[in-house]
Each structure stands twice: as structure tokens, then as C-alpha cells.
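Q: Here's a structure for you.
Number of protein chains: 2
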Amino acid sequence: IRHVNQPFVAIDEEVAKLLELKAQLGDDGKTQFVLKTPKGTRDYNPKQMAIREKVFNTIIRCFKRHGAETIDTPVFELKETLTGKYGEDSKLIYDLKDQGGELLSLRYDLTVPFARYLAMNKITNIKRYHIAKVYRRDNPAMTRGRYREFYQCDFDIAGQYDAMIPDAECLKIVHEILNELDLGDFRIKVNDRRILDGMFAVCGVPDDKFRTICSTVDKLDKMSWEDVKKEMVNEKGLSEEAADQIGEYVSMQGGMDLAERLLQDHKMSQSKQACAGLSDIKLLFKYLQLFHVTDKVVFDLSLARGLDYYTGVIYEAVLTQAGTVSAANEAQNDTNAEESVSVGSVAGGGRYDGLVGMFDPKGRRVPCVGVSIGIERIFSIMEQKAEASPQKVRTTEVQIMVASAQKNLLEERLQLISELWNAGIKAELMYKKNPKLLSQLQYCEEAGIPLVAILGEQELKDGVVKLRVVATREEVDISRADLISEIKRRTEA
Amino acid sequence: IRHVNQPFVAIDEEVAKLLELKAQLGDDGKTQFVLKTPKGTRDYNPKQMAIREKVFNTIIRCFKRHGAETIDTPVFELKETLTGKYGEDSKLIYDLKDQGGELLSLRYDLTVPFARYLAMNKITNIKRYHIAKVYRRDNPAMTRGRYREFYQCDFDIAGQYDAMIPDAECLKIVHEILNELDLGDFRIKVNDRRILDGMFAVCGVPDDKFRTICSTVDKLDKMSWEDVKKEMVNEKGLSEEAADQIGEYVSMQGGMDLAERLLQDHKMSQSKQACAGLSDIKLLFKYLQLFHVTDKVVFDLSLARGLDYYTGVIYEAVLTQAGTVSAANEAQNDTNAEESVSVGSVAGGGRYDGLVGMFDPKGRRVPCVGVSIGIERIFSIMEQKAEASPQKVRTTEVQIMVASAQKNLLEERLQLISELWNAGIKAELMYKKNPKLLSQLQYCEEAGIPLVAILGEQELKDGVVKLRVVATREEVDISRADLISEIKRRTEA
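Residue numbers (the numbering used here), protein chains in the order written: chain A, 544 to 1036; chain B, 544 to 1036.
Pasting the structure below:
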């Protein structure tokens, strides 16, 4: 999930820097204190947190449905743990200052710490999810949901199993989550590193150029084939003939039928690697048919994915209706149009059978396959949906406010709310000795609190509480003994 | 929640360092890759995470019951945001390496980022909780639940309100959480910064020695009065007479009655500050009586708390039966006895009316009061309880395993489990084409999965599934149409 830089972004950032400098100089030119979060980071306000909690709950519920355990690892690792795992992207790793002691870096993803955890604890079988923040010193593009601090939601299956069964489950999980989050239509593109490598081999790409050509192919979702070809030939020194042959393959999309056709392809079938990948794609599609998810899955030979550690099947989910949401985003934030083109990719993953072995002193392999949900983009979309919706996002779950109609009833309010809290009712009161009834009712309207328990001299004498329904303004006297069950009945439906 | 260093700890750490160095040198003396987490940090395995989730749920449920919203802030802040907020402890802040750009530090607590958030967004009223990791380059004492990376669970009420109402709610929250977590008996000590300052004044402590004498008083929970007095007189240069007068006051403990008595005390009543604090303590106890929590709360003049930013009431909760748990811990980990003395403190907080103003360009004050739950110690205790209990901690919530009794039924298993997942049932299968029935059943025993759906040729012909109850080995045929409701009936009680 990476993007090419736009010239407009660079200009925007320069302008932002100048505005910031200006803000630091007060009216009299004196340096003032800067009140901000670090570049590329943000606070989450209560409304954003309410949306975030909803999205997390959906994702966690799915991971748990599939029997995953969860683990957590420290936010920083020994620097050497991350060294040599991310190729060119290593320059984006945040290092901690050497304050005496170990050299540390903030985690760049959750996959390398997972592999370190497995090797360190000699674990050969686990199905786990891990939801945590990761850190990249990248050029932030925050309107597009791209930050320097962001969440990853990873689900991985480690262990030596029969081919394609865990892999198919990962795709089923993506399908379930994207369905349940209701983000509009989506496609899950599938390919295999072995098919890519086999394709490069039979098209005449020299061995030492596989990786760099692969990363050029990876740009096909935001560059035309002509530009990709130019980069291959002019920048990477590939022959035009080889590039054209690659061009034919990477335009192919299909399902199990395409895998079968390519297994018969006179050129592709010369590569043992490609054949192994194609057979697995066939098997994968068979399992996906049993899961009834093939309507959204497409075998796409242009899918490459950047990371070095993949060894087998790879996949990426894209929203196909993302355009409309992005357009709304764009208008709101007044950024340049290019910014919002590819909010599309919302999940990705694949098989990485060699990574754990890099950590094991004896190089023991633990095959792994996993998927990462691109939660920040999903947040952005859900936030925009919430903005556009007439329904207000509630930031608390408070069921009732304990209010008073007259003065000098603070003690009675405290006593009643204490009873409610002890009974598990979510309740609030105003922290004033003598709040006005109107301001108490207004607070409920604003916060979306559905009920008010109103205390007055008469109610206290009668041993009742006046229960008011905020939406209808209906009021009814309820005996103190029945109050808790009445609140539950009305709010826990 | 700080502790004095023990000489034994220093020795232990030196030994650990040497052992680590030895581990880095392989058999042949060659440097090997070190597989570890950074000093003072740890991974959480699935069992620890299951316990952590349970504790968090209890705490979050309580915070939500009291109507709190939640926010999140970045893990790092601009270095200058943290500067000058922690006094001597500033040396424990983790800085990030200067890689070009802003100077950043990892957050040291959640209170300063909260104050920065309020000032930055000009928020004058909020009740929020924040659960997140904070970072301190301290000497770790991990057996005692003290780490360099650890969680804080903070609940704070910001806003200009009538005296002691939000303060009383904070104590009610501590009471609810410690009750519900069932950690044994506890006490909540209460005092007020203004009483401490007034006491120092009337005892003849020079103004410029208030803070340093206060931090010596703070050591009374782990040092005898004789040693505290020695430090005051010999190290801090206080007169013996002043020290003795302080000694009389700090031995006092009581409730509302003590506050009343001290308001009449000929010396204490000379301090306006002390009187304001004592009146508030009286009011606090009145509200706590209405909440029915005074049985656990004690007004204790020796409570000082380290942090500079407190301006009014302060409090700290201690487990009074912690000894037994600590003793178990000690025996298990074979550390020195001193290590386990004061696992006691599990929550603390107070009023800090000046902190937000430090961030506001115009110095506008936002009064705040809050409480922080010492979650790492609670984890340690819960983990030990779980170890000691015969009941196994489940790390997943899987309701059923989809198994087969014969070969060549993978496709049927995949089809069935897909139906279950789509119906919201938590289900697993083994990732093998032909797993043995016995190994499928054994997996259920180990993982605590209560049900097995067994498929065989006969069952498929009959349109049924053999439902096996793992605990009783009872087996019953259920029609495919009834399976989902039957699983829910048996596992969602």
C-alpha cells in the first residue's frame, strides 16, 4: 500500500512548513510554544474513537470467529532485529536516540516482530492476530489516510499444513470483514510470487533483475503500461522484447480457468516454479468455491506487492467504488485531485515461508501466511460516511441522567446515581450543587442520553422517580424498587 | 508508585548483563544474533493477553458506566511538550534519534498529552479515559510488575465544577474497579497538597524546601519515620524541631473526624491553605458516605505522591493483603525478599488545576481531577492467581471444531465450517486433508473447545452431523438445519 509522490504534495508541504514557522513567531516576533502533534500523527477525538472502536470490534469478532489467539510485542525492537528485513524501506525506520544501553527502533510492521516472537519462543504452530500501531518516517498524506503512526490489524497462521487451506481461510476472512464493514463493492486480487518469478524467467529477465522489475510491475495500479514499460526499459535496462512479453502476461485476469490455461501455455509451462504456483492457485480457487467467495476474487498477473519476504501466494483487496468517497474527501479538504485516486487498497497479505528462519539460530523454517487489514483507510471512509449521515455518532453509552427539578437535592442525586452504578447502569449527573433542570435536559439532548431520572421533593416523599424519555418528552413515575429493571427494559433492547 | 533501589537489585542486574554477554558469544566465541525484546520490555503471550483483556474489560466497563468518552494521542510528542513537566524524572524520558525533522520523545504518562490535547483543542469540559502504553527509562523490576514499557489506564474529569463532586466520583471508580477485580482487601489513602503545604508552613519548613521535604515524606510507605527524619535533617538541612513537628502530623490517620479536629488544631488552623484543604476533605467524606465507600477510605497525612503537578486532593489505593501474593511471586522467581514488599499500590491520582494552563498561550486554566489504575501490578497478581488456579485459561472462544471421521472429507468440512462462520459461530478445523479423528479430539481437549461436529459418510447421507460434547463424550445426531441453533443453545448460555 504505497504511492508515488505527487509534485503538488511537495508544494503543499512547503506551504505548511512556512505557515508553521509563521505561527511560531508571535505578534511581537517572539518564539511561542508550538501546540501540535508530531508530523504525520494525529490525536483521535471521542467521535473518531467511537468509530474506531466499532471497526475494531467487527475485525476482532471475525478474527476470533476463526479461532485466533492474540499476542502483543513491545513498540520498539532491538535495531538489529529489523535490519535487513525491509529492503529499501529501511530508511523509513524510526530509531531511538542512543541514551546508553541498547540500540532500539520503533517497529515498522507487525510481521517481523511476529517472526522474532516465534523464533524466540520456538513456536511452530499458532494462529494469532495482533492489532497495534506501527511507525514509518514516510511522507504523510493524511487526507488519504496515510500517517507516520498508524494501526495494523494482522491475522497470521504459522505452521506446516496441507497446501492452500490456511491461505484460503485468510481470503475468507478478508471477504467476511469487507462485507460486514459495508464499504461498497470490492475485489480481492490474487497472484503468486512463484508465478511472477517464473514469468520473469521465461520472458528473459536476468535473475538479478527479478526484484527490481517486480517492484516496477507493482506500480501498474497507478501507472499506465506504457510508463511501466518505459521504466523497465529506460531505467532498469530491460530489453524491449522481454518487456513486451511481460506486458502480455500482466494484462491477464481470470479465475481457475486462467490458471489452467497458463499451465498449458508453452512458455509459462517451461518454468517449474510457475507451474507450482499455478497448481496452487487452482487448488486455492477450489477451496474458495467451497467458501462461496469466488465472486470477489480475481487471479491477476499484474499483482506484485512490494515486500521482499513473500514466497508464495499474495493478495490485495481493493474497493471498487472508492471513487465516490474520495471525491467527497477531496472537496472537504481542498487538496489536489491526484491525492484521492487510490484510496482503493484496504487489505493485503500473502505467504512468507522464509522469514521465521531468518531469526532461528539453526535456520528452522516455520511456514506462515497472513493478512493485514488497512485499517486507517477504512477509518477514513467510515469517518466520511458518519459525517455525511444525518445520524449523530454517540461517544458514550450513557443510559440515564440523574437530574433534579429543585434546589438542594445534590445528596439525593448522589445517592441515587450510586445505586444505579452499583446495578451496572451507565449513568451521569451534572457536577453542580444546583443545576437548572433545563440545562440538565439540554445536556441529554446533546449527548444522546435517552432517559432522565428526575428527583423533586414530591417524588422523594412518594418514593418514586420521574422517568422522562428524552425523545418523546413522555414522563412517568416509577417506584424506586422498579427503577433499575425499568431502565434496563427501556435501554437494553 | 516508585521504589527505592535495593543493593541486591543492582547485583542481579550485573549478573544478568554478564549472562547476556555470554549468550552472545557462541560456542566458538563468534557473535551470534540476539533473540530478545529490549531491556525492561516483554511480549505478551496468548494466555497473558486473555487475562489482560479480562482486566481491561472490567476497567473499561466501569469508565463507560461513569459516562466517560475515550481519546487517543500519538505514542511520541514534540520533545518540548514534555519538557519541564516531570521535574527530576525528566532524565527517564526516551528521546527519538534526530533523523532530520522534529525532536521527539516517547510519552512518559498520559496526563501531559491529555493537557496538551485540551489546550490545543480549546476544550474546557470533558470526561475521558485513555488506556495506552507509556515509556520510562527506569531500572526495571519486572518480577514486581515494573517495566520500561507499561500500560496506564487513566480516567480524568476536566472542567470548572462545584467542589469535590468529580473528586468523589474518581474515588468511587477506584472502589468499583478494585471490588470487581476481586484482588482482596484494599485501602484508599486520601490527602491534599494544600494540607501538606500548610503543614510544612506551620511546622517551620522554609518555602523553598516544601517540594524536597514533600518527596522525603513520600518515602514513609517504605522507610521508617526514623530514617525519613534523618534524611530531612541530615541531607535536606531541616531543623530537628521542624522535623519532629512534621512527624507528629504525618502519623495521623482518620476520617471526617480527623479533618474536623485539625480544623480546630491551634497550629494547623493558622494556615489558610491547610484550612481550605481540610474543608474539602470534610466535603469529600460527606459525598463518599453517600456513595457508601468510606469503609475503604482513610485520610492519611503521610500521603504525599511524587508528581509536581498536583494542586489539591491526592489519593492512592493499596492492596492490604498483597503480602500473600507477593510471597508466592518471590518463591517462584527466587528473587530477594525486599523485591516483593510493596506490590501494594494499585491506583493513584489527584487534582491538577494548573497543568492545562501551562500549555495555553493565554494561560487559561482548566481544572482537572483524575485517577490512574496501576494495571501492570494488577496483571501480575491476576497472572499469579491464574497460575495457582486449577482452571485453565482459555485463549480463544472457539465453540466448535469441524472434524471428520474418515478420509477425503476436506471439502465437506470446508463447506460446513463456512456455513458456521457465516452464521457467526466461532469454529476451527485442522489444516490437513486427512487428519486423524483422535488428533482432532485431542486438539479440542487442549484448547478447551466444548463441541465437535463430526462428519462421516453416513452422516452426509443422512443429512446430519454428529455433535460430540468434549467434556462428557456424549454424541448425538443433529440435522444440518438445526445445527446452528443447537450450537448456540449449548455454548451461548
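Glycine is no exception: its CB is placed at the ideal position from the N, C-alpha and C atoms.
Assuming residue 699 of chain A and residue 912 of chain A form a contact by the criterion Cβ under 8 angstroms, report the distance between their Cβ atoms to the nearest whole angstrom.
A: Residue 699 of chain A to residue 912 of chain A, Cβ: 7 angstroms. Contact.
Q: Residue 611 of chain A touches chain B at which residues, Cβ-Cβ below 8 angstroms?
A: 939
Q: Cβ of residue 946 of chain A less than 8 angstroms from any chain B Cβ?
A: no
Q: Would you kindly check if the distance between the Cβ of residue 860 of chain B and the Cβ of residue 984 of chain B is under 8 angstroms?
A: no
Q: Among A:594, A:675, A:950, whose alpha-carbon lies nearest the alpha-carbon of residue 936 of chain A?
A: A:594
Q: Rounded to a whole number of angstroms, what is the C-alpha to C-alpha distance between residue 753 of chain B and residue 744 of chain B?
A: 8 angstroms
Q: According to DSSP, which residues form a beta bridge with residue 615 of chain B?
A: A:587
Q: Thinking C-alpha only, which one of A:1003, A:635, A:1005, A:1021 is nearest residue 1011 of chain A?
A: A:1021
Q: Which stretch, first to last residue, makes up the alpha helix (DSSP H) that contains residue 712 of chain A?
A: 708-724
Q: If you measure from the beta carbon of residue 577 of chain A to each beta carbon in chain B, is any gap under 8 angstroms?
A: yes
Q: Between residue 808 of chain B and residue 817 of chain B, what straight-line distance do the alpha-carbon atoms span, to the nearest angstrom?
A: Rounded to whole angstroms, the separation of the alpha carbons of residue 817 of chain B and residue 808 of chain B is 11 angstroms.
Q: Is the Cβ-Cβ distance between residue 712 of chain B and residue 609 of chain B less than 8 angstroms?
A: yes
Q: Taking only runs that begin and end inside the segment 881-934 of chain B, name each unbroken beta strand (DSSP E) of 3 or more residues, in chain order.
A: Here the runs fully enclosed are 888-894, 911-916.
Q: List, from N- to C-terminal side, the beta strand (DSSP E) runs of 3 residues or more that fit wholly inside the segment 658-698 of chain B.
A: 669-678
Q: Quick one: does residue 684 of chain A have its CB under 8 angstroms from some CB of chain B?
A: no
Q: In the structure shown, what three-state DSSP assignment does residue 592 of chain B receive?
A: helix
Q: Taking 6 angstroms as the limit between beta carbons, can you name the residues of its chain near residue 799 of chain A, skipping five residues before and five after?
A: 825, 828
Q: Give the secondary structure of residue 951 of chain A by DSSP, where H, G and I count as helix, E and B as strand, and everything else as coil.
A: Residue 951 of chain A falls in the coil class under three-state DSSP.
Q: Assuming contact is defined by CB atoms lying nearer than 8 angstroms, are residue 891 of chain B and residue 923 of chain B in contact in what I supplied?
A: For residue 891 of chain B and residue 923 of chain B, no; Cβs fall outside 8 angstroms.
Q: Classify residue 654 of chain A as buried or exposed, calling it buried when 16 or more other Cβ atoms lie within 10 Å of its own Cβ.
A: buried
Q: With burial defined as no fewer than 16 other Cβ atoms inside 10 Å of the residue's Cβ, what is the status of residue 981 of chain A: buried or exposed?
A: Under this definition residue 981 of chain A is an exposed residue.
Q: Rounded to whole angstroms, what is the Cα-Cα separation between residue 896 of chain B and residue 758 of chain B?
A: 20 angstroms
Q: Going by DSSP, what residue range makes up the beta strand (DSSP E) through residue 996 of chain B?
A: Following the DSSP letters along the chain, one finds residue 996 of chain B inside the beta strand (DSSP E) bounded by residues 994-998.
Q: Let me confirm a value: residue 734 of chain B is counted as buried when at least 16 other C-beta atoms fall within 10 Å, else exposed. Which label applies?
A: buried
Q: Would you tell me roughly how many angstroms separate the C-alpha atoms of residue 1033 of chain B and residue 942 of chain B, rounded to the nearest one?
A: About 9 angstroms.
Q: Buried or exposed: where does residue 939 of chain A fall if 16 or more other Cβ atoms within 10 Å of its Cβ makes it buried?
A: buried
Q: Strictly below 8 angstroms CB to CB, what residues from chain A border residue 964 of chain B?
A: 608, 609, 715, 719
Q: In chain order, what residues of the segment 631-646 of chain B put their CB closer than 8 angstroms to some CB of chain A?
A: For chain A, the residues of the segment 631-646 of chain B that bring a beta carbon within less than 8 angstroms of one of its beta carbons are 637, 638, 639, 640, 641, 642, 644, 645, in chain order.
Q: Anything in chain B within Cβ reach of residue 672 of chain A, meaning under 7 angstroms, just list it in chain order.
A: Among the residues of chain B, none has a CB under 7 angstroms from the CB of residue 672 of chain A; the nearest is roughly 10 angstroms distant.
Q: Do residue 691 of chain B and residue 820 of chain B come within 8 angstroms of each other at the CB atom, strictly closer than that value?
A: no
Q: So, with DSSP's three-state summary, where would you put residue 1011 of chain A?
A: Taken through DSSP and simplified to helix, strand or coil, residue 1011 of chain A comes out as strand.
Q: Measure the C-alpha to C-alpha separation of residue 843 of chain A and residue 736 of chain A and round it to an integer number of angstroms.
A: 12 angstroms
Q: Heavy atom of the ligand ADP less than 7 angstroms from the Cβ of residue 929 of chain B, yes or no?
A: Among the ligands in the structure shown, none appear at all, so the ligand ADP cannot be discussed.
Q: Starting from residue 648 of chain B, follow the beta strand (DSSP E) in both directions and report where the run begins and ends.
A: 647-649
Q: Which word fits residue 718 of chain B, buried or exposed, when buried means at least 16 other C-beta atoms lie within 10 angstroms of its C-beta?
A: Looking at its Cβ environment, which holds 16 or more other Cβ atoms inside 10 Å, residue 718 of chain B is buried.
Q: Nearest chain B C-beta to residue 847 of chain A closer than 8 angstroms, yes or no?
A: no
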